[in-house]
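Colleague:
Residue numbers (the UniProt record's numbering): 1 to 390.
(1) Just curious, the alpha helix (DSSP H) that residue 242 is in, first and last residue?
(2) With distances taken between CB atoms, is the gap from residue 75 to residue 65 smaller than 9 Å?
(3) Any idea which residues DSSP pairs residue 162 with across the strands?
(4) Going by beta-carbon coordinates alone, are residue 39 and residue 125 separated by less than 9 Å?
(5) For residue 253, which residues of its own chain have a beta-carbon under 8 Å away from its beta-carbon, when the five flanking residues on both sides are left out?
(6) On the premise that residue 195 lies in contact with residue 297, defined as a C-beta separation below 8 Å, what is that separation, rounded to the nearest angstrom?
(7) Cα-Cα, which of 147, 382 and 175 is closest to residue 218?
(8) With residue 18 and residue 146 assumed to form a contact (beta carbons below 8 Å), what rounded beta-carbon distance in angstroms separates them?
(9) Given that a residue counts as buried once 16 or more other Cβ atoms are within 10 Å of its Cβ, and exposed if not, what is residue 289?
(10) DSSP has residue 64 in a bridge; who is on the other side?
(11) Is the separation between the beta-carbon of residue 131 and that of residue 12 shorter than 9 Å?
(12) With a cut-off of 8 Å on the beta carbons, I'd call residue 358 and residue 326 a contact; round off their distance for me.
(13) Return the chain-ordered ranges of every alpha helix (DSSP H) run that is complete within the region 19-64 and spans a minimum of 4 residues.
(14) Please state the DSSP three-state secondary structure of residue 128.
(15) Would you mind reading off the limits of the alpha helix (DSSP H) that contains residue 315?
(16) Any beta carbon from chain C within less than 9 Å of residue 236's own beta carbon?
(17) Since residue 319 and residue 307 should fall inside the 8 Å C-beta cutoff, what is the C-beta to C-beta distance between them, to a whole number of angstroms?
(18) Between the C-alpha atoms of residue 63 and residue 37, what's the straight-line distance to the nearest angstrom?
(19) If I follow the unbroken beta strand (DSSP E) through residue 286, where does it start and stop?
(20) Quick check on residue 346: buried or exposed, where buried means 16 or more other Cβ atoms within 10 Å of its Cβ?
(21) For the candidate residues 86, 42 and 7, whose alpha-carbon lies nearest to that of residue 28?
(22) Counting C-beta neighbours from all protein chains within 10 Å, is the total for residue 101 16 or more, i.e. buried, or is it exposed?
(23) Comparing C-alpha positions only, which one of 152, 275, 80 and 10 sits nearest to residue 4?
(24) Count the C-beta pairs between the region 197-208 and the region 375-390 that are closer than 8 Å, then say yes if the count reaches three, no if not.
(25) Which word fits residue 302, buried or exposed, when buried means at least 16 other C-beta atoms lie within 10 angstroms of its C-beta?
(26) So the alpha helix (DSSP H) residue 143 belongs to, where does it begin and stop?
(27) Suppose you measure from the CA of residue 1 to the CA of residue 157; what does that come to, to the nearest Å?
(28) From which residue to which residue does the beta strand (DSSP E) around residue 10 run?
(29) Measuring alpha carbon to alpha carbon, tell me which of 354, 309, 286 and 364 ends up nearest residue 343.
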């Protein structure tokens, strides 16, 4: 019998600490999605199941849709966008009736985010759209770090792994490492760190060909020598950009009520520039310091998780724009939550605000594509990022 193959995977230092809270979760991942995609292997297992009641439930729940021209099986959500297999005790009837390995790839994987590219580079992390993951990442009292670990190849069995048919861009490692270095620099304000990251991303976007890495390193040297400045936009321009994102998100009539209510609160409190400026001064004075590590760790995770452009797509700028769109929304959620209820406010509540915002923006490609389409071409993405960052 041969030895099982192993590979190196990069992951947050606390990746393996994640534990699903199951029925105790305040925001079940079995409620609120549009559909749950069933992989072919899961569907085949379900059709072989002999339990008559389960097969009847399956017949009513599964529908066929088309994705990229090919048919895919999905579990249709029931009333309240609730998975029909979710029991009243908060557990999955598929898992309870059979075993965990019979869950679909989607259900077994979430909230884990897994990439394994054709060149062998592998990354895994958790998404803060899950309440337990959000608290694990955002409430820790040390800066997030990333480690490499040897794992058996079988670890991926039954999980949804992205990137298998793509090659990660050769400069991605340098770019991600430098972005994280900037975010960790507490000699700068959070806003200046993000502005610095933004300038770097768009400079990287302008480099191509065999000499791209050399040009990136030259830029980093110039930046570290203090030869690059980052000019903020006016408060009026910044607020208008943030409100445009909020308004586009609010256009969806089927948003979950608690998320829609958050959007309404932020739109109300950002409707007048002077009062919003006063509110931000209040937030800066009493909440900002308590959120020092909170925002650092949030951004470190998003950069680690998302900034993975491939040779096939080369979407560094678009990936960054999506990241900034989501960040601008969740930042406004946290700021408004503090402003409206400062006496009851806690960092744990801030984590819940981020979790809700990420769940209903980052996972909604239709919304993000709508924003990108409204902005226009890549040159428009760059200017829009500047406006959202402020």
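Ideal Cβ placement from N, Cα and C applies to all residues, glycine included.
Modeller: Result, derived from the coordinates:
(1) 235-250
(2) no
(3) 115
(4) no
(5) none
(6) Actually they do not touch by this definition, with Cβ atoms about 19 Å apart.
(7) 175
(8) Wrong, their Cβ atoms sit about 15 Å apart, outside the cutoff.
(9) exposed
(10) 73
(11) no
(12) 6 Å
(13) 40-48 and 52-61
(14) coil
(15) Unbroken run through residue 315: none, as it is neither H nor E.
(16) Included in the structure is just one protein chain, with no chain C present.
(17) 6 Å
(18) 10 Å
(19) Unbroken run through residue 286 is the alpha helix (DSSP H), 273-286; no beta strand (DSSP E).
(20) exposed
(21) 86
(22) exposed
(23) 152
(24) yes
(25) buried
(26) Counting along the chain, residue 143 falls outside any alpha helix (DSSP H), and DSSP gives it neither H nor E.
(27) For residue 1, the pLDDT reaches just 49, beneath the cut-off of 50, and the residue's location in the model is therefore unreliable, leaving the point undetermined.
(28) 6-12
(29) 286
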